[in-house]
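Residue numbers (the numbering used here), protein chains in the order written: chain W, 1 to 210; chain S, 1001 to 1210.
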């Protein structure tokens, strides 16, 4: 099953079940794609408008970037599911003897590293998407500015949601140097882009509440 | 087109286009449904587990509530699109004469009131969903606690995203008493449930980063 190809209703239904995938990582990628698309919509409602002729080239450039990011985030919905399945199996391996235990540890470690790479990549894409929203909110059609505000909220939530999926995997790793390196990079992305998202949201809210 | 029945990919694609619907309200309903489903998944991974026998009845009750909320939020994806179309048409009405202007104002006012009722209802559902996540995070399987954390982030983002879609409609209303009453209720929901969501998220994050 390709989880970006199923209906929204079906995605929500499988997500809410005990099926191991999709989980929080894939859901974050979807919410990031939805947030990115809201910015893209602001651009689509700005492109070709006389009033916004001076930002036409910016909007055309942002459109290409938003389309690419939407596609990459949708692909990550599926990749998160694919990387989680081996980890889910590794958790179930027997550990009755020392040899079994060592073997389980070895397989778990590789599966954990692979599984936390995907949410980290989702975070990087959401960080890029937040930068796009900054331009959409500042330069896009004022009639659609609320959509850039909603978009940035979703990209921020997806960034933070994916971070939990990094932390839950790094927590279980034996290789603490590797784990702490990833945690530091995760903290740095959150520390830079969550406050930026908050500032963009507040500027949009200020315009709307007048 | 029923927007909860199209594929996730198609939803993202139409959302990112200049089509008037879906917009930020419908996207908020979808993200709220995704957030609710993540809590429901924590429950599904807790139900029937010996270790969690003492919360079995709670999990069964929460499951029913989460399933209902998921369905209601998915229905609101579509209702938001249906209520927005008349407003979108009203914006385009002619206003060349005083009579046309008066008629446009009258139609706009009704369409604005109808259009802001849906995001307000989305906010109420997201507030309910945040209360569910509080119980999922506190009582659900510790193996899945990150999913309750991601779920609460999404319900909070959907709550705030829907609020922007209330404000953009109330801002355009002539009936300021009505508009300010809705704004007050919207502020109250945000003021109560956004900080609750933050506390739930921080408690989950604290468990994961150890």
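Note that the Cβ used here is the ideal one computed from N, Cα and C, for glycine as well.
Taking 9 Å as the cut-off, decide whether the C-beta atoms of residue i and residue j are in contact.
i                      : j                      : result
residue 129 (chain W)  : residue 172 (chain W)  : no
residue 1070 (chain S) : residue 1040 (chain S) : yes
residue 1160 (chain S) : residue 1194 (chain S) : yes
residue 124 (chain W)  : residue 189 (chain W)  : yes
residue 46 (chain W)   : residue 139 (chain W)  : yes
residue 1030 (chain S) : residue 1073 (chain S) : yes
residue 1132 (chain S) : residue 24 (chain W)   : no
residue 207 (chain W)  : residue 142 (chain W)  : yes
residue 1158 (chain S) : residue 1148 (chain S) : no
residue 6 (chain W)    : residue 1028 (chain S) : no
residue 1163 (chain S) : residue 1094 (chain S) : no
residue 1091 (chain S) : residue 146 (chain W)  : no
residue 1011 (chain S) : residue 34 (chain W)   : yes
residue 1135 (chain S) : residue 1062 (chain S) : yes
residue 1081 (chain S) : residue 1117 (chain S) : no
residue 3 (chain W)    : residue 22 (chain W)   : yes
residue 17 (chain W)   : residue 1044 (chain S) : yes
residue 150 (chain W)  : residue 200 (chain W)  : no
residue 1175 (chain S) : residue 1109 (chain S) : yes
residue 1169 (chain S) : residue 1087 (chain S) : yes
residue 192 (chain W)  : residue 127 (chain W)  : yes
residue 1107 (chain S) : residue 1165 (chain S) : no
residue 1048 (chain S) : residue 1154 (chain S) : no
Against chain W, does residue i count as a neighbour if the rule is that its beta carbon must be under 9 Å from one of theirs?
i                      : result
residue 1154 (chain S) : yes
residue 1177 (chain S) : no
residue 1096 (chain S) : no
residue 1122 (chain S) : no
residue 1077 (chain S) : yes
residue 1015 (chain S) : yes
residue 1047 (chain S) : yes
residue 1201 (chain S) : yes
residue 1062 (chain S) : no
residue 1037 (chain S) : yes
residue 1126 (chain S) : no
residue 1188 (chain S) : no
residue 1102 (chain S) : no
residue 1205 (chain S) : yes
residue 1023 (chain S) : yes
residue 1018 (chain S) : yes
residue 1168 (chain S) : yes
Could you confirm whether any beta carbon from chain S is found closer than 9 Å to the beta carbon of residue i?
i                     : result
residue 137 (chain W) : no
residue 41 (chain W)  : yes
residue 67 (chain W)  : yes
residue 115 (chain W) : no
residue 149 (chain W) : yes
residue 211 (chain W) : As shown, chain W starts at 1 and ends at 210. That puts residue 211 (chain W) outside it, with no answer to give.
residue 52 (chain W)  : no
residue 11 (chain W)  : yes
residue 70 (chain W)  : yes
residue 140 (chain W) : no
residue 92 (chain W)  : no
residue 208 (chain W) : yes
residue 89 (chain W)  : no
residue 111 (chain W) : no
residue 132 (chain W) : no
residue 118 (chain W) : no
residue 55 (chain W)  : no
residue 129 (chain W) : no
residue 196 (chain W) : no
residue 185 (chain W) : no
State the start and end residues of the unbroken alpha helix (DSSP H) segment that holds residue i.
i                      : result
residue 1045 (chain S) : That residue, residue 1045 (chain S), is in no alpha helix (DSSP H); it is neither H nor E in DSSP.
residue 21 (chain W)   : Residue 21 (chain W) -> no alpha helix (DSSP H), and no H or E assigned at all.
residue 17 (chain W)   : Residue 17 (chain W) -> no alpha helix (DSSP H), and no H or E assigned at all.
residue 1053 (chain S) : Residue 1053 (chain S) -> no alpha helix (DSSP H), and no H or E assigned at all.
residue 190 (chain W)  : 176 to 209
residue 1162 (chain S) : 1145 to 1171
Let me check one thing: in DSSP terms, what residues is residue i bridge-paired to?
i                      : result
residue 1007 (chain S) : W:7
Enumerated in chain order, which unbroken segments of the alpha helix (DSSP H) with a length of 4 residues or greater are wholly contained in the segment 1056 to 1119 of chain S?
Listed in chain order, the complete alpha helix (DSSP H) runs (minimum 4 residues) inside the segment 1056 to 1119 of chain S are 1056 to 1091.
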